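Protein chains in written order, with my numbering: chain L, 1 to 217; chain X, 218 to 434.
For each residue, glycine too, the CB sits at the ideal point set by N, CA and C.
Predicted, not measured: the structure shown is a model, and the values here were computed from it.
Number of protein chains: 2
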Amino acid sequence: MEALAQVAALLADRTRAAICGALLDGRAWTATELAAHARVAPSTASEHLTRLIDGGLLVEHRQGRHRYVALAGPHVAELLEAMTSFAGPGPKPRGLRAASASEAMARGRTCYDHLAGKLGIALKSGLLDLGVVTADLTITPSGLVWLKELGFEPSKRQVSRACLDWTERVPHLAGAAGAHLCEVFFERGWIKRIGTTRAVVLTPAGEQGWRELGLTT
Amino acid sequence: MEALAQVAALLADRTRAAICGALLDGRAWTATELAAHARVAPSTASEHLTRLIDGGLLVEHRQGRHRYVALAGPHVAELLEAMTSFAGPGPKPRGLRAASASEAMARGRTCYDHLAGKLGIALKSGLLDLGVVTADLTITPSGLVWLKELGFEPSKRQVSRACLDWTERVPHLAGAAGAHLCEVFFERGWIKRIGTTRAVVLTPAGEQGWRELGLTT
DNA sequence: ACGACACTTCGGCCCGCGCCGAAACGTCGC
DNA sequence: GCGACGTTTCGGCGCGGGCCGAAGTGTCGT
């Protein structure tokens, strides 16, 4: 159980937790961006990043004078969401600005590489109605055909996976299929990020696209 | 991400991690037992237990002058195993005694209320061959019948669930079905604990019983 | 009623570590 | 080459928290 304490210690600091939370958007951030986000000095952030990378939670990608870091993979995102789900919805966020940001996240957001929040739930129930997935988020044979029509190509990565939502407390679609759908939706302009946050909204084009696919919103 | 840091902090201490690890056997321990296990003073253990209970990881059950504590539920066990899996197999245990104990755990152990280790993997592949579960550990309709013949009764709890193994890195059967099978095996004397640890072995009667059920070992 | 025992509370010690600013290093643009 | 900028290293500060022992509370057996 020594190993458990070590990985927990990495996440037990609010600054490091804030960094991981920011990286949950699936993108790579520079060290300075993360320092600003977590409201600490660049030197402090630098040390935290080194620790998180050494611990295997993050990977880095140096480019010129920049140090880009990102989550080490979907498994890290899943661990983070699992722990956040466990802690559950804490006290209501204070202030109008924080409250509306929180509400936007609850409506829809990316969870590393797939959709979560109410939008993720809507996608899941839509896929369920279409027979693409079963109630426990397994892809059906006909569902695989449906996905391939959207350009999905099976790879080594697990096709589908349940990811527990920390706002809705309902499992939603993760894994390669979830990631692919999210990617397609972005490409087609069906969803877009709100500012630079993880929160996303379904665009008018997205509403129409979803209807044409037979998905309910 | 504040919530994440809080739950992580609970597990970030080696003494609290050791306590949780001990409780992963699914039984209730007294405060003194846990203090001895973690090699700290009773007063120290007492404070840790209070924190873990307040954090929702443990539940207590006071009986006379004893304070029994146990994991708050399967979801806690799943979180613990997920985090341990992530950390992965650390450095080899030092010393002959520790090494053989570690090997026994790898062969077979309980993971809160179901089987894990090589024994858990064997059970999973046996159930897969029998068509009781699918490759992603969903119970098939015929599998449900098979389980009911072994006395399984569906309840509110999720029937099946994948739990990632920290020794084998392979998902095995958790959830209500996994717990029921483990219980039945104990009742029939097919498996038994090694000493007072989480490690279990398949008894000769168990080997025969598994064969009769059509399970491979 | 008494002692034994399980557990808790409190005070105090001390180590770990998160923080910063200053300074050094490396890269980029001009 | 030079300055601007992103990043890292280092020293030092201060707080949080894990540890223990001593003393107190409650329960059990006799």
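Flag this pair as yes or no: are the beta carbons of A70/L and A28/L separated by less than 7 Å? As a position in the first sequence, residue 70/L is number 70, starting the count at 1. As a position in the first sequence, residue 28/L is number 28, starting the count at 1. Taking 7 Å as the Cβ cut-off, A70/L and A28/L qualify as a contacting pair.
Residue range of the beta strand (DSSP E) that includes A287/X: Here the question's residue 287/X lines up with position 70 in the second sequence. That run of the beta strand (DSSP E) goes H283 to L288.
As assigned by DSSP and simplified to three states, the class of W190/L: Here residue 190/L refers to the residue found at position 190 when the first sequence is read from its first residue. In this structure, W190/L counts as coil in the three-state DSSP scheme.
At a cut-off of 6 Å, would you count L144/L as near the ligand FMN, judging by its Cβ distance to the nearest heavy atom? The model depicted lacks the ligand FMN and carries no ligand whatsoever.
Okay, do the region 191 to 202 of chain L and the region 138 to 147 of chain L touch, 3+ Cβ pairs below 8 Å being the bar? no
State the start and end residues of the unbroken alpha helix (DSSP H) segment that holds E264/X. Start at 1 with the first residue of the second sequence, and residue 264/X comes out as number 47. Note, E264/X: alpha helix (DSSP H), P259 to D271.
Counterpart residues of W246/X in DSSP-defined beta bridges: Taking the first residue of the second sequence as 1, we reach residue 246/X at position 29. DSSP lists V286/X as partners of W246/X.
Which chain L residues sit within Cβ distance under 8 Å of T355/X? Position 138 of the second sequence holds residue 355/X. Ordered by position in chain L, the residues that pass the 8 Å Cβ test against T355/X are T134, D136 and T138.
7 Å Cβ cutoff met for T289/X and G272/X: By one-based count along the second sequence, residue 289/X stands at place 72. By one-based count along the second sequence, residue 272/X stands at place 55. Reading off the sequence shown, one finds Ala at residue 289/X, where the question assumed Thr. Their beta carbons are not under 7 Å apart, which means A289/X does not touch G272/X by this criterion.
Own chain, CB closer than 6 Å to L367/X, minus 5 neighbours either side, in chain order: Walking along the second sequence from the start, residue 367/X turns up at place 150. Answer for L367/X: V401, listed in chain order.
Where A9/L and T434/X are concerned, what is the direct C-alpha to C-alpha distance, given to the nearest angstrom? For the purposes of this step, residue 9/L is identified with residue 9 of the first sequence, where counting begins at 1. For the purposes of this step, residue 434/X is identified with residue 217 of the second sequence, where counting begins at 1. Between A9/L and T434/X, the C-alpha separation is close to 38 Å.
Select from P42/L, F86/L and T30/L the residue whose C-alpha is nearest the C-alpha of Q63/L. On the first sequence, position 63 is the one that residue 63/L refers to. When only C-alpha atoms are compared, the closest one is T30/L.
With DSSP as the reference, label Q158/L as helix, strand or coil. Residue mapping note: residue 158/L aligns to position 158 of the first sequence, counting from 1. Three-state DSSP puts Q158/L in coil, outside helix and strand.
Against T84/L, what residues of chain X qualify as contacts under a CB-to-CB distance less than 9 Å, listed in chain order? The residue labelled residue 84/L in the question sits at position 84 within the first sequence. What T84/L touches in chain X: M218, A220, L221 and V224.
Give the secondary structure of T232/X by DSSP, where H, G and I count as helix, E and B as strand, and everything else as coil. Here the question's residue 232/X lines up with position 15 in the second sequence. Correct three-state label for T232/X: helix.
Are the beta-carbon atoms of S302/X and L240/X separated by less than 7 Å? One-based indexing of the second sequence puts residue 302/X at position 85. One-based indexing of the second sequence puts residue 240/X at position 23. Contact: no.
Following the continuous alpha helix (DSSP H) through V362/X, name the residue where it begins and the one where it ends. Sequence index remark: in the second sequence, residue 362/X carries index 145 (1-based). P358 to E366 is the extent of the alpha helix (DSSP H) around V362/X.
Pick helix, strand or coil for R324/X, following the three-state DSSP scheme. To locate residue 324/X, count along the second sequence from 1; it is residue 107. Reduced to three states, the DSSP call for R324/X is helix.
Quick check on this structure: which residue in V59/L, E103/L and I121/L has the alpha carbon closest to the alpha carbon of I194/L? Numbered from 1 along the first sequence, position 194 holds the residue referred to as residue 194/L. If we check each option's Cα against that of I194/L, E103/L comes out closest.
Reference P259/X; option with closest CA among L332/X, L344/X and I236/X: Taking the first residue of the second sequence as position 1, residue 259/X is located at position 42. The option with the nearest alpha carbon to P259/X is I236/X.
I need the DSSP call for A352/X, collapsed to helix, strand or coil. Mapped onto the second sequence, residue 352/X falls at position 135. Of the three classes helix, strand and coil, the one that applies to A352/X here is coil, per DSSP.
Can at least three beta-carbon pairs, one atom from the region 171 to 179 of chain L and one from the region 113 to 123 of chain L, be found at a separation below 8 Å? yes
Count the other CB atoms within 10 Å of the CB of R405/X; is the residue buried (16 or more) or exposed (fewer)? Within the second sequence, numbered from 1, the residue matching residue 405/X stands at position 188. Result: exposed.
Backbone secondary structure at L381/X - three-state DSSP: Within the second sequence, the letter at position 164 stands for residue 381/X. Residue state, collapsed to three classes: strand.
How would you list, in chain order, the residues of chain X whose beta-carbon sits under 8 Å from the beta-carbon of G21/L? Sequence index remark: in the first sequence, residue 21/L carries index 21 (1-based). Simply M218 and L221.
Report all residues from its chain with a CB closer than 8 Å to the CB of L52/L; omit the five preceding and five following residues, and keep chain order. Stepping through the first sequence from its first residue, residue 52/L is reached at position 52. For L52/L, where only same-chain residues beyond five positions count, the Cβ hits under 8 Å are L10, R16, I19, C20, L58 and V69.
Please check the pair G175/L and Q158/L, which I expect to be a contact at CB under 8 Å, by giving their CB distance rounded to whole angstroms. Position 175 of the first sequence, counting from 1, holds the residue named residue 175/L. Position 158 of the first sequence, counting from 1, holds the residue named residue 158/L. Confirmed, Cβ separation roughly 5 Å.
Which residues, in chain order, does the region 14 to 42 of chain L contribute to contact with chain X at a C-beta distance below 9 Å? R14, T15, R16, A17, A18, I19, C20, G21, A22 and L24
So, does the CB of A287/X fall closer than 7 Å to a CB anywhere in chain L? In the second sequence, counting from the first residue as 1, residue 287/X sits at position 70. Not an interface residue.
Do you know offhand how far G423/X's Cα is from S263/X's? To locate residue 423/X, count along the second sequence from 1; it is residue 206. To locate residue 263/X, count along the second sequence from 1; it is residue 46. If I take the Cα positions, the gap works out to 40 Å.
If you drop the 5 nearest sequence neighbours on each side, which residues of the same chain put their C-beta closer than 7 Å to that of L80/L? Taking the first sequence and counting its residues from 1, one reaches residue 80/L at position 80. So the qualifying residues of the chain are C20 and L24.
Beta-carbon contacts of G209/L that lie in its chain and below 7 Å, excluding the five residues immediately before and after: Numbered from 1 along the first sequence, position 209 holds the residue referred to as residue 209/L. The answer, listed in chain order, is R188 and W190.
Endpoints, beta strand (DSSP E) assigned at L275/X: The residue given as residue 275/X occupies position 58 in the second sequence. Its beta strand (DSSP E) spans residues L275 to Q280.
Simplified DSSP state of V418/X, which is helix, strand or coil: Counted from its first residue, the second sequence places residue 418/X at position 201. Of the three classes helix, strand and coil, the one that applies to V418/X here is strand, per DSSP.
Compare the beta carbon distance of V224/X and A87/L with 7 Å and say whether it is the shorter of the two. Locating residue 224/X in the second sequence gives position 7, counting from the first residue. Locating residue 87/L in the first sequence gives position 87, counting from the first residue. Yes. Within cutoff.
Drop a sphere of 10 angstroms on the beta-carbon of H48/L, count the other beta-carbons inside from all chains shown, and report buried for 16 or more, exposed for fewer. Here residue 48/L refers to the residue found at position 48 of the first sequence. Its Cβ being crowded by 16 or more others within 10 Å, H48/L is buried.
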